[in-house]
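Just below is one structure, and these are the notes that go with it.
Protein chains: 2
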Amino acid sequence: MTLTIHEAATTTGWSPRMLRYVEQLGLVEPARSPGGYRLYGPGQLQRLRTLRTLLETHGVELGDVGFALRLRREPELAAALDTWFDTTPTAPEGVPDTDWLSFEQDKHQHLLNR
Amino acid sequence: MTLTIHEAATTTGWSPRMLRYVEQLGLVEPARSPGGYRLYGPGQLQRLRTLRTLLETHGVELGDVGFALRLRREPELAAALDTWFDTTPTAPEGVPDTDWLSFEQDKHQHLLNR
DNA sequence: TCAACCTTCTCATGGTTGTGTGAATGTGTA
DNA sequence: TACACATTCACACAACCATGAGAAGGTTGA
Chain V
6 MTLTIHEAAT TTGWSPRMLR YVEQLGLVEP ARSPGGYRLY GPGQLQRLRT LRTLLETHGV
66 ELGDVGFALR LRREPELAAA LDTWFDTTPT APEGVPDTDW LSFEQDKHQH LLNR
Chain X
6 MTLTIHEAAT TTGWSPRMLR YVEQLGLVEP ARSPGGYRLY GPGQLQRLRT LRTLLETHGV
66 ELGDVGFALR LRREPELAAA LDTWFDTTPT APEGVPDTDW LSFEQDKHQH LLNR
């Protein structure tokens, strides 16, 4: 039960070109025939359709989903972003001036309860 | 202890233009003087510096950090991405054909243990 | 008051994204 | 063996991103 790229394209609403692009982003990677043809299984077709609605309903770009993928492949990146966001929630005033740097650095050790 | 935009720029390595851009992305939002001048506190200066190293050490773009911000401001977006990624971890073959759709839909109910 | 800074807004621009189209070539099947 | 379809690669291009620079005007503080 596998479809060729053109068939997969017509049943999912993507263009063949875009299917190759989506694959290049690492989002949906079909198997290959011995000769190199892309073979899309039912799982991938479903993924392609839901990807489509995901983009539309949330106003997200393919590149954004690609970045989200990066976030789960590089946990240290996700962790770095976490600490950055959790540090001084955009309103630093009112914190005693002296504690500041140590406070920052503590956060980098163990993520705090927010 | 607040710096004006030009001072903040020189001590953090950003240009004033970029500080305004960073603010527009929602990443570092300084207070304002009664007359409308941006006022950067020590917390924001630290944030700007760490932001800079974050970008450099991980090869991330400002827009990516902006998207990460979106992810924590719109939990339903993050959830949608979670379910999409957790569904059929890019290798659907080998799963009995019939269980497929129900399997998919289950996942959308309660996130599974990966 | 006045110099030095700030504000917003607009124009400019090189780089990247998303997407199509075509060329040159290989694959699958009746 | 053909014929329709696939592959990769490259050119194209509008739209957007990240930045700079300038204009027109307001704020600050000695």
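Those sequence lines, one after another, are chains V and X.
All letters in the first sequence, in the order written, are residues 6 to 119 by my numbering.
All letters in the second sequence, in the order written, are residues 6 to 119 by my numbering.
All C-beta atoms in this analysis are idealised placements derived from N, C-alpha and C, irrespective of residue type, glycine included.
Just so it is clear, the structure is predicted and the values come from calculations on it, not from any experiment.
Item                                                                                                                                                                                             : Value
Counting Cβ pairs closer than 8 Å, one from the region 74-89 of chain V and one from the region 40-47 of chain V, do we hit at least three?                                                      : no
Please work out which residues of its chain come closer than 7 Å, Cβ to Cβ, to Pro21 (chain V), disregarding the five sequence neighbours upstream and downstream, and give them in chain order. : Ile10, His11, Ala14
Using a Cβ cut-off of 9 Å (strictly closer), state whether Trp19 (chain X) contacts chain V.                                                                                                     : no
For a contact defined as C-beta to C-beta under 8 Å, what are the partners of Phe27 (chain X) on chain V?                                                                                        : Checking the displayed sequence, the identity of residue 27 (chain X) turns out to be Val instead of Phe. Simply none; closest approach about 12 Å.
What residues from the region 77-91 of chain X come within 7 Å of chain V, judged by C-beta to C-beta, listed N to C?                                                                            : Arg77, Leu82, Ala85, Leu86, Trp89, Phe90
So what does DSSP say about Tyr45 (chain X), is it helix, strand or coil?                                                                                                                        : strand
Quick one: residues in its chain with C-beta nearer than 8 Å to the C-beta of Leu121 (chain V), no 5 flanking neighbours on either side, listed in chain order?                                  : Residue numbering for chain V in the displayed model covers 6 to 119; residue 121 (chain V) lies beyond these limits and cannot be assessed.
Please compile the residues from chain V whose C-beta is within a distance smaller than 7 Å of the C-beta of Thr55 (chain X).                                                                    : Trp89
In angstroms with no decimal places, state the Cα-to-Cα distance between Leu24 (chain X) and Arg78 (chain X).                                                                                    : 21 Å
For my contact list, Leu32 (chain V) and Gly71 (chain V) are in at a C-beta cut-off of 8 Å; report their separation, rounded to the angstrom.                                                    : 7 Å
With DSSP as the reference, label Leu60 (chain X) as helix, strand or coil.                                                                                                                      : helix
Between Arg37 (chain V) and chain X, is there a C-beta pair that is closer than 9 Å?                                                                                                             : no
Between Thr15 (chain V) and chain X, is there a C-beta pair that is closer than 9 Å?                                                                                                             : no
If you reduce the DSSP assignment to three classes, tell me which class Glu98 (chain X) lands in.                                                                                                : Confidence at Glu98 (chain X) is low in this model, with a pLDDT of 44, below 50, so the placement of that residue is unreliable and no value is reported for it.
Leu30 (chain X) by DSSP, collapsed to three states: which one?                                                                                                                                   : coil
Taking the straight line between their C-alpha atoms, what separation do you get for Pro39 (chain X) and Arg54 (chain X)?                                                                        : 26 Å
Leaving out the 5 sequence neighbours to the left and right, which residues in its chain are closer than 8 Å to Tyr42 (chain X) when beta-carbon positions are compared?                         : Thr9, Ile10
Does any C-beta atom of chain X lie closer than 9 Å to the C-beta of Thr62 (chain V)?                                                                                                            : yes
Out of curiosity, what's the CA-to-CA distance linking Gly18 (chain V) and Thr58 (chain X)?                                                                                                      : 41 Å
How big is the Cα-Cα spacing for Tyr121 (chain V) and Glu66 (chain X)?                                                                                                                           : Because residue 121 (chain V) is not part of the residues shown, which for chain V are 6 to 119, the question remains open.
Which residues share a DSSP beta bridge with Leu8 (chain X)?                                                                                                                                     : X:Tyr45
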